[in-house]
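Asks: In the numbering used here, the protein residues as written are 154 to 377.
Every residue, glycine too, gets a C-beta built ideally from N, C-alpha and C.
Sharing a structure with you now.
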C-alpha cells in the first residue's frame, strides 16, 4: 500500500518512536517512572525508547515493558546511533529497531545500515533535515545522504522539522518509496506524543512493529 494514499482514519494506533530518558541519555530530563503515565495521557498505543548510543539492557527493559503492558501500552527497545565516515565526519543519526545488542562500534552510515539489516533490524533516518548551527545546508541529520542509503524509513515529523524540512523529506520519501515516521525526540516529559507514527494495523509487539515498518503501512502526524 502506498503510504501517501492512506487517510488518517486508517490508523487506530499511535506510537512515539523517538524518546530519551534521563537514565541512559544524559541530555534528557525525563524520569523513567513518569513515562508510562505521560504516554497514556498523550493517547499513545506505544512508544520507543531510543537512547543515544545504546539499547536498554534486556532485563531492565523487560520489567518496564511489563509495567507498560499493564497500562495498555507497547514499549519498543530501540537506539539512536550516530554514523561517521572514516575521517570522523558526521553522516547523520539513525533510529535502530529489532536488534539484540547496542551498536557501539563507529560505523559509516552505509556500514551501519548493512549491520542492522544483517542482524534482522530496521533503520530510520532521524531528523535528516534538522538544521545545525552551520546554517541552511548543515544538518544534525543525514541530509541528502538519505537518497543513497538502504533505509527502511525516514523521520518526517519531528519538532525541529519545519515545513521546508518536511517538504524535503516528502520528496525523498516519494523518490525512494519509503515511509515517513513521527517521533517527538522527547527530552522533557510533556514533549512525549508531540509527533507520532500512526499504523494502519494494530502493533502489539516488536514483531508486528518490524513487519509494519517494512511494509510501509504507516504515516506520521505532528500534534503540537
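#1: List the whole-angstrom C-beta distance separating residue 237 from residue 259, where the pair is believed to meet the contact cut-off of C-beta under 8 Å.
#2: Roughly how many angstroms separate the alpha carbons of residue 333 and residue 298, rounded to a whole number?
#3: Rounded to the nearest angstrom, what separates residue 187 and residue 294 at their Cα positions?
#4: Note down, in chain order, each residue of its chain lying with its Cβ closer than 7 Å to the Cβ of residue 313, except the 5 sequence neighbours on either side.
#5: What residue ranges within the region 296-368 form continuous beta strand (DSSP E) runs of no fewer than 3 residues, ordered along the chain?
#6: Determine the DSSP secondary structure at residue 259, reduced to helix, strand or coil.
#7: For residue 184, I'd like the list of residues in its chain whose CB is within less than 7 Å of its CB, leaving aside the five on either flank, ordered along the chain.
#8: On a CA-only basis, which of 311, 262, 349 is nearest residue 240? Give me that one, please.
#9: Answer yes if the region 355-368 comes into contact with the region 217-234, meaning at least three C-beta pairs across the two stretches below 8 Å, and no otherwise.
#10: Could you spell out the range, first to last residue, of the alpha helix (DSSP H) harbouring residue 190?
#11: Could you compute how far the alpha carbon of residue 246 sits from the alpha carbon of residue 209?
#12: Do residue 202 and residue 231 count as a contact pair if the criterion is CB distance below 8 Å?
#13: With a CB to CB cut of under 7 Å and the five nearest residues on each side skipped, what residues in its chain are close to residue 267?
#14: Out of 257, 368, 350, 242, point me to the one whose CA is closest to residue 338's CA.
#15: Short check: CB of residue 353 to CB of residue 371, under 8 Å?
#16: On a CA-only basis, which of 340, 373, 323, 367 is nearest residue 273? Give me that one, please.
#17: Please report the residue range of the beta strand (DSSP E) in which residue 372 lies.
#18: Report the three-state DSSP secondary structure of residue 215 (helix, strand or coil).
#19: Based on the DSSP output, what are the partners of residue 278 in its beta bridges?
#20: Apply the 10 Å Cβ neighbour rule to residue 177 and answer buried if 16 or more other Cβ atoms are within range, or exposed otherwise.
#21: If I'm right that residue 277 touches residue 308 with Cβ under 8 Å, what's the distance once you round it to whole angstroms?
#22: Distance check for residue 348 and residue 223, CA to CA, integer angstroms please.
#23: In chain order, what residues of the same chain have a beta carbon less than 7 Å from the beta carbon of residue 311, not counting five sequence neighbours either side?
Replies: Short version:
#1: Indexing the chain shown from 1 puts residue 237 at position 84. Indexing the chain shown from 1 puts residue 259 at position 106. Indeed they touch by this definition, with Cβ atoms about 6 Å apart.
#2: As a working mapping, residue 333 is identified with position 180 in the chain shown. As a working mapping, residue 298 is identified with position 145 in the chain shown. If I take the Cα positions, the gap works out to 16 Å.
#3: Position 34 of the chain shown, counted from the start, is the residue given in the question as residue 187. Position 141 of the chain shown, counted from the start, is the residue given in the question as residue 294. When rounded, the distance between both Cα atoms is 28 Å.
#4: Reading the chain shown from its first residue, position 160 is the one you call residue 313. Excluding residues within five positions, the ones whose Cβ falls inside 7 Å are 280, 283.
#5: 306-310, 333-335, 348-352
#6: Along the chain shown, read from residue 1 onward, the residue named residue 259 stands at position 106. The answer is coil: DSSP assigns residue 259 none of H, G, I, E or B.
#7: The count along the chain shown starts at 1 and reaches residue 184 at position 31. Only 175 meet the Cβ criterion.
#8: As a working mapping, residue 240 is identified with position 87 in the chain shown. If we check each option's Cα against that of residue 240, 262 comes out closest.
#9: yes
#10: As a working mapping, residue 190 is identified with position 37 in the chain shown. Where residue 190 is concerned, the enclosing alpha helix (DSSP H) stretches over 185-194.
#11: Along the chain shown, one-based indexing puts residue 246 at 93. Along the chain shown, one-based indexing puts residue 209 at 56. Taking the straight line joining both Cα atoms gives about 18 Å.
#12: Taking the chain shown and counting its residues from 1, the one referred to as residue 231 is at position 78. Taking the chain shown and counting its residues from 1, the one referred to as residue 202 is at position 49. Yes, Cβ-Cβ distance for residue 231 and residue 202 is below 8 Å.
#13: Here residue 267 refers to the residue found at position 114 when the chain shown is read from its first residue. Cβ within range, chain order: n/a, list empty.
#14: The sequence position of residue 338 within the chain shown is 185, counting from 1. Of the listed residues, the one whose Cα sits closest to residue 338 is 350.
#15: Position 200 of the chain shown holds residue 353. Position 218 of the chain shown holds residue 371. Yes; because the gap between Cβ atoms is below 8 Å, this pair is in contact.
#16: Taking the chain shown and counting its residues from 1, the one referred to as residue 273 is at position 120. Measuring from the Cα of residue 273, the nearest candidate turns out to be 367.
#17: As a position in the chain shown, residue 372 is number 219, starting the count at 1. That run of the beta strand (DSSP E) goes 371-375.
#18: Taking the first residue of the chain shown as 1, we reach residue 215 at position 62. Helix, per DSSP.
#19: For the purposes of this step, residue 278 is taken as the residue at position 125 of the chain shown. For residue 278, which the question treats as bridged, DSSP gives the partners 247, 307.
#20: Here residue 177 refers to the residue found at position 24 when the chain shown is read from its first residue. Result: buried.
#21: For this step, residue 277 is matched to residue 124 along the chain shown. For this step, residue 308 is matched to residue 155 along the chain shown. The Cβ separation is near 6 Å, so the contact holds.
#22: Reading the chain shown from its first residue, position 70 is the one you call residue 223. Reading the chain shown from its first residue, position 195 is the one you call residue 348. Computed Cα separation, rounded: 24 Å.
#23: Counted from its first residue, the chain shown places residue 311 at position 158. The answer, listed in chain order, is 280, 283, 336, 338, 348.
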